[in-house]
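Chemist:
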Amino acid sequence: MEIVTSPVECRKKILSLTVEGKNIGFVPTMGALHDGHMELVRQAKLSCDFVVVSIFVNRTQFNNEEDFRKYPKSFDSDAEKLRQSGCDIVFAPGDSDMYPGTPEVKITFPRLQKSMEGRYRPGHFEGVALVVSKLLHVVPAQKAFFGRKDWQQVLIIKQLVRDLHFFSEIISVPTLREPDGLAMSSRNQRLSEKERSLAVIFSKSLYMAKEKLLAGDSVEETVASVRQAFDRMPQVRLEYFEIANRETLEPVQSVETNVPVSLFIAGYVGDVRLIDNIFLQEETE
Ligand code: PAF
Numbered sequence: 028m029e030i031v032t033s034p035v036e037c038r039k040k041i042l043s044l045t046v047e048g049k050n051i052g053f054v055p056t057m058g059a060l061h062d063g064h065m066e067l068v069r070q071a072k073l074s075c076d077f078v079v080v081s082i083f084v085n086r087t088q089f090n091n092e093e094d095f096r097k098y099p100k101s102f103d104s105d106a107e108k109l110r111q112s113g114c115d116i117v118f119a120p121g122d123s124d125m126y127p128g129t130p131e132v133k134i135t136f137p138r139l140q141k142s143m144e145g146r147y148r149p150g151h152f153e154g155v156a157l158v159v160s161k162l163l164h165v166v167p168a169q170k171a172f173f174g175r176k177d178w179q180q181v182l183i184i185k186q187l188v189r190d191l192h193f194f195s196e197i198i199s200v201p202t203l204r205e206p207d208g209l210a211m212s213s214r215n216q217r218l219s220e221k222e223r224s225l226a227v228i229f230s231k232s233l234y235m236a237k238e239k240l241l242a243g244d245s246v247e248e249t250v251a252s253v254r255q256a257f258d259r260m261p262q263v264r265l266e267y268f269e270i271a272n273r274e275t276l277e278p279v280q281s282v283e284t285n286v287p288v289s290l291f292i293a294g295y296v297g298d299v300r301l302i303d304n305i306f307l308q309e310e311t312e
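In the numbering used here, the protein residues as written are 28 to 312.
(1) Once the 5 residues before and after residue 120 are set aside, which same chain residues still bring their CB inside 7 Å of it?
(2) Provide the residue span of the alpha helix (DSSP H) that contains residue 54, from first to last.
(3) Shortest alpha-carbon distance to residue 194 belongs to which of 227, 256, 159 and 271?
(4) Can you tell me whether residue 217 is helix, strand or coil according to DSSP?
(5) Do you know whose CA, among 59, 54, 86 and 61, lies nearest residue 71's CA?
(6) Okay, do the segment 182–192 and the segment 135–155 touch, 3+ Cβ pairs below 8 Å being the bar?
(7) If you compare alpha carbons, which of 175, 138 and 252 is closest to residue 15?
(8) By the 10 Å Cβ neighbour count, where 16 or more other Cβ atoms means buried, how is residue 346 classified, buried or exposed?
(9) Answer yes if the segment 256–271 comes into contact with the segment 286–296, meaning at least three C-beta pairs across the two stretches below 8 Å, and no otherwise.
(10) Using a Cβ distance threshold of 8 Å, determine whether the segment 125–137 contacts the segment 250–268, with at least three qualifying pairs required.
(11) Rounded to a whole number of angstroms, what is the C-alpha to C-alpha distance between residue 265 and residue 52?
(12) Can residue 104 and residue 276 be called in contact, C-beta distance under 8 Å?
(13) Tell me whether residue 242 is buried or exposed, calling it buried when 16 or more other Cβ atoms sit within 10 Å of its Cβ.
(14) Apart from the five residues just before and just after residue 106, which ones in its own chain have a Cβ nearer than 7 Å to its Cβ?
(15) Report yes if the C-beta distance between residue 90 and residue 149 is below 8 Å; otherwise report no.
(16) Identify whether residue 159 lies in helix, strand or coil by the three-state DSSP scheme.
(17) Roughly how many whole angstroms lie between the Cα atoms of residue 217 and residue 263?
(18) So residue 102 is in the alpha helix (DSSP H); what residue range does that whole segment cover?
(19) Please say whether residue 112 and residue 65 have beta carbons closer to each other than 8 Å?
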């Protein structure tokens, strides 16, 4: 496994592999790798000849300086995990490699970013779109893999790729969960033991809401019961719970069988912000 820090070097390598006829799979990450990331790598290995993983904590997508500063960093153990997974290249640029100057370009998604993460984290998706554009120029892969825990991000990246003619196919991979249901996330590492036990309320609420909707409860009743569950736990704070069309992200007033619906949740345990979502219609997600 090779570790490359220069964007120019990395792009050269990828282009020469492409000329040799290799199929490139790309997994962009911010490091602090967990089994959810390793599943993305596994999927990439299954369908591509050559796998590139990037590790770059992208400052421009953090709307909160403290969140950026506290984002877990574990390069050596990440590199070891990737070595064992059969990853071929780790692209690990420094800040100035990715941002040689202050960027002026701004990519916005007025429709897809108006709710949820876009609403509560102003500037977040502009930062994601900017860095993913840069990364896809450095690693012009046939396929790029993203986790469904960040479903709004998946839709935004698909839109980005369509609008700007990137030629990578965007593959979304189902969320991996801890045995109690908590979605795997790098931020889970920041939870104390007590906070970790409380954090399960996010996935539990989603599954409880899914059960209620499938049993015929209204959207209003379902939203109210999730709010009540959070009201009973003052140590956790609900930021949003939304029931929305999975493709347009527009909130739904009722659940129709022909409309694909997802349930989305975000909030805080202590000062750690967690998000999660599940599909309503599928048996397993
Ligand atoms: O999902 C993430 O880890 C990040 O948002 C990404 C896509 C690597 C961009 O920094």
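Virtual Cβ for every residue (Gly too), placed ideally from N, Cα, C.
Modeler: Let me lay it out:
(1) 32, 34 and 83
(2) From DSSP, residue 54 is part of no alpha helix (DSSP H) but of the beta strand (DSSP E) over 51–56.
(3) 159
(4) helix
(5) Ranked by Cα distance from residue 71, the options 59, 54, 86 and 61 are led by 54.
(6) yes
(7) Since the first residue shown for the chain is 28 and the last is 312, residue 15 is missing from the structure and cannot be characterised.
(8) Outside the modelled stretch of the chain, which goes from 28 to 312, sits residue 346, for which no answer is possible.
(9) yes
(10) Judged by Cβ distances under 8 Å, the segment 125–137 makes no contact with the segment 250–268, as fewer than three pairs qualify.
(11) For residue 265 and residue 52, the distance between alpha carbons rounds to 36 Å.
(12) no
(13) exposed
(14) 30 and 117
(15) yes
(16) helix
(17) For residue 217 and residue 263, the distance between alpha carbons rounds to 15 Å.
(18) For residue 102, the enclosing alpha helix (DSSP H) covers residues 102–112.
(19) yes
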